[in-house]
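Numbering (full-length UniProt numbering), first residue to last: 1 to 300. We put the beta carbon where it would ideally sit given N, CA and C, even for glycine. Have a look at the structure below before the remarks.
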């Protein structure tokens, strides 16, 4: 790797850090104000029927939530070709919880027909804030560019550092990221929610509850909150909240908290993903995922 690439700090992967408080960003009680990602062969198992065994009343809402998530996944795969949104992300990396990061995102969902890939999973990111990442752009298209992402810095650094092509799971791309860019997006988030929900069903003391009438910015949402009181090696969070957009029937916010340090407190944020101003089937084309698009700055 040459020197400019080494200097290309934490560029790729494609997610962010910004500065508003949670309450000021979403305009509501932070307690009720996306996971995570991955579209692969797991889709088949993710759509399994809910367990036939009886469940406790505390888990009944979780079973209901899993069914909603499966229906949302089916809709995404059959009805949603592409979408745009403002992705607001916050993640804990090591012992540090980062700031909110903001980016404009374009996504084309992966589509197959008769076992053949007809539309590759495609992502374009343009970083909006904070100032340390503003102007950064990243593109990933499945089965193109040898599986690499194409990325360049913005701002002052972007004047001197070149556009690079780097592996999405490499050390440079993953610096400061919990997940690679290949796992970004709403459909990947749905899959992760289903995986975690099915795992939580195995534990006796898990508690789930629905809340209707929540809002995320201007969107009406139903919230599922899941609590896992007992620390376990395979339990990834203490409390998680999923905001399901009532009109779109898609999750637009996921936030997970660690176990609190005291009985009365809330744990530290582990990860948080918000898809604001989500617009589906906007008609994205190959040009939206082309680094040579004249509206982008990869080769300006």
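Between residue 127 and residue 204, the alpha-carbon positions lie close to 42 Å from each other.
The DSSP-derived three-state label of residue 213 is strand. Residue 87 is positioned such that its CB atom lies no closer than 9 Å to that of residue 254. Note on residue 212: under 16 other CB atoms within 10 angstroms of its CB, so exposed under the neighbour-count rule.
A distance below 7 Å between beta-carbons, with the five flanking residues on each side excluded, links residue 296 to the following residues of its chain, in chain order: 137. A direct Cα-to-Cα measurement between residue 168 and residue 149 gives close to 6 Å.
Residue 58 and residue 207 do touch by the CB rule: their CB atoms are close to 5 Å apart, below 8 Å. For residue 184, the secondary structure class from DSSP, reduced to helix, strand or coil, is coil. Taking the C-beta atoms as reference points, residue 107 is found nearer than 9 Å to residue 186. For residue 77, no beta strand (DSSP E) run applies; the uninterrupted alpha helix (DSSP H) run containing it begins and ends at 57 to 79, by DSSP. By the Cβ-count criterion, residue 288 is buried, with 16 or more other Cβ atoms from all chains shown falling within 10 Å of its own Cβ. When DSSP states are grouped into helix, strand and coil, residue 247 belongs to the coil group. When the five nearest sequence neighbours on each side are left out, the beta carbons in the same chain lying within less than 8 Å of the beta carbon of residue 292 are those of 298 and 299, in order along the chain. Using a 10 angstroms sphere on the CB of residue 279, the tally of other CB atoms stays under 16, which defines it as exposed.
Under a 10 Å Cβ-count criterion, residue 110 is classified as buried, with 16 or more other Cβ atoms of the shown protein chains found around its own Cβ.
Distance check between residue 131 and each of 155, 115 and 171 places 155 closest, using alpha-carbon atoms only.
Burial is judged here by how many other beta carbons sit within 10 angstroms of a residue's own beta carbon; residue 294 has fewer than 16 and is exposed. By the beta-carbon neighbour count (other beta carbons within 10 angstroms, threshold 16), residue 146 is exposed. Under DSSP, residue 194 shares a beta bridge with no residue. By the Cβ-count criterion, residue 197 is buried, with 16 or more other Cβ atoms from all chains shown falling within 10 Å of its own Cβ.
A distance below 9 Å separates the beta carbons of residue 139 and residue 123.
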